Structure formats: structure tokens, C-alpha cells
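In this note's numbering, the protein residues as written are 350 to 636. Backbone N, C-alpha and C fix where the C-beta goes; we use that ideal spot for every residue, glycine too. Owing to the predicted nature of the structure, the values given are computational and were not obtained by experimental measurement.
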């Protein structure tokens, strides 16, 4: 990092935007394919458990098959896959069949760029900024997967949890004891609420993925940030839930995924948690 310290600020900003958009392009693949990869795996495990013959299927992972239009199968060339630029040039449509390209693709690429820029702005040209960017990118992926599938995959939440503990071995964001307590408390708080709600109503109010995501946020941000994360996510969830119901976009009894609100609360706590808690409690909590 020190070798790059002498470069103009514009170079850092441009580099963050380009790298972030490129990562955002990969996140689009992850968001689309990971739930389908998991579903295939579950089906294969179920067939094996039931003693049914396995079915041969073509390779499907994050690398294969190559990117293509889901409507006509047109193979997407390199120039059609340039983050943000290609979507604008193609005017949001497939070059071959003119089918619309979903708004999620440029949005995730833009958010990937903004995440890299925010990490650079908050932490400077440091390894801490690189770790923060990884955290933010993972939060983006989990948000859109949960919105589209109501899943928070262990394949993302558990590595995020362990990564938080590892980056805090030397206190990158919080001291390691705070990170360990944050991981344990994050899981147990939502786990306790889940079981209390289930005992009182007989219904499940949230999924286990939410427990693991809050545990991961605790591992990154420490136990002192959890009240802020929960407050922000609960308020945002309540406001958006009421708004969607008022607009007729959310039916009575229809579940609203909580993962995106937890992720958003974690992002706010990472970038502005110190200032918010200092204002709230009158003393600096996050370093």
C-alpha cells in the first residue's frame, strides 16, 4: 500500500470505481447462480438419501456455463459485459433478441463501485479498507439473494463470520474479544427472539440465516455495535413494511426478508457507527 501512497487522489478514486464495478459484475453472477447451485445440490442429496438414481446434469457453477442471455441463449461477448458501460450502450436490452436486461445488473455494479469508494474514503489506502470493501460487497450479495429467494446462504454468511474474526485478530476494526462476543451475542439475540416468538404465536418470525448474518456483523463490528445494527434494521424494516402494505405491495401475512435490513444496518455501523454512537451515547464506542 505504501508504494501507491504518492499517486494522485484521482487515481485512487478511479481505481476504486473500476475495481468495484468489476467485482459488482461478479456479484451479479453470484446472486443469480449461487441459489440455483444450492438447489441442485439439495436435490442431489435428497435423491441420494431416498436411494433414487442420480441424474446427469451439465456443469453449472460460477464459471460455467459462460454468460448468456436467459431469453435467447445468446453468448455474451467481452464488449457486451463491460460493467455499467455495456448496459448503457445496449440501452438495457440484449443485442440479439432485444429482451430487457434486468435493472439489478447495473444497480449491483454501481453499488460495487460505491462500496469500494466508501471503503477507500472511510479507511484510506490501507488493508483495512480492502477488508471493509470485502465486507460491503458481501453485504450487497446477501441483500439481493435474500430479496430474490428469501435465502441467506451459509456459503456466504459463515465465511463472512470467520473473516470478521480473522481480520480482527490484530484489532482491524474492534479488539478480538469484542469480535468474539459480538459473534456469539449476534446469534443468540435473534435466536432467542425467534424461539420466544414461536412459543407465543406458533409461527416462525425469521430464518436461521438471519441469526448467522447478525453473528457475522458482530464478528466484524463487535458486540457494542449490535444495538445500533438492530435498531437501524428494525426501524427500516418497520417503515418499509408499513409503506409496502399501504401501497398494496405487501399482503397481510406475507413475509418481508429481514436480511437486507440487517445488512444495511451493518453497512451504516461500519462506515458511520463511531460517529452515530458518539452522538447517541456521548462517548466514542467504535474505533
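- Secondary-structure assignment with DSSP links residue 417 through a beta bridge to 424.
- The C-alpha of residue 487 is placed about 19 Å away from the C-alpha of residue 523.
- The C-alpha of residue 374 is placed about 13 Å away from the C-alpha of residue 463.
- The beta carbon of residue 620 lies closer than 7 Å to those of 467, 471 in the same chain, with the five residues before and after it left out.
- Under DSSP, residue 449 shares a beta bridge with 442.
- For residue 377, the uninterrupted alpha helix (DSSP H) run begins and ends at 358-398, by DSSP.
- With fewer than 16 other CB atoms across the displayed protein chains lying within 10 angstroms of its CB, residue 390 is exposed.
- Distances from the CA of residue 428 to each of 518, 421, 436 were compared; the closest alpha carbon is that of 436.
- DSSP places residue 497 within a helical segment (H, G or I) once states are collapsed to three.
- It is roughly 25 Å from the alpha-carbon of residue 622 to the alpha-carbon of residue 372.
- At a Cβ-Cβ threshold of 9 Å, residue 569 and residue 493 do not count as neighbours.
- By the beta-carbon neighbour count (other beta carbons within 10 angstroms, threshold 16), residue 544 is exposed.
- Bounds of any alpha helix (DSSP H) do not take in residue 405, whose DSSP letter is neither H nor E.
- With a minimum length of 4 residues, the unbroken runs of alpha helix (DSSP H) contained wholly in the region 541-586 fall at 557-570.
- Linking residue 603 to residue 590 through their CA atoms gives a straight-line distance of about 10 Å.
- For the pair residue 581 and residue 618, the CB atoms are nearer than the 9 Å cut-off.
- Apart from sequence neighbours up to five positions away, the residues of its chain that approach residue 441 with a beta-carbon distance below 7 Å are 449, 450, ordered along the chain.
- According to the DSSP assignment, residue 624 belongs to the alpha helix (DSSP H) that extends over 608-630.
- Spanning the alpha carbons of residue 614 and residue 400 requires a straight line of approximately 44 Å.
- Residue burial annotation: residue 357 is exposed, with fewer than 16 other C-beta atoms found within 10 angstroms of its C-beta.
- Look at residue 598 here: in three-state DSSP terms it is coil, with no helix or strand label.
- As the crow flies, the alpha-carbon of residue 459 is around 14 Å from that of residue 482.
- Contact between the region 591-601 and the region 512-531 is absent, with fewer than three C-beta pairs closer than 8 Å.
- At the C-beta level, residue 574 and residue 515 stay beyond 9 Å of one another.
- For residue 506, the enclosing alpha helix (DSSP H) starts and ends at 503-516.
- Residue state for residue 475 is assigned as coil, using DSSP reduced to three classes.
- With 16 or more other Cβ atoms from the protein chains shown falling within 10 Å of its own Cβ, residue 556 counts as buried.
- Annotation for residue 529: 514, 568 place their beta carbon closer than 8 Å to its own, counting only its chain and skipping 5 residues before and after.
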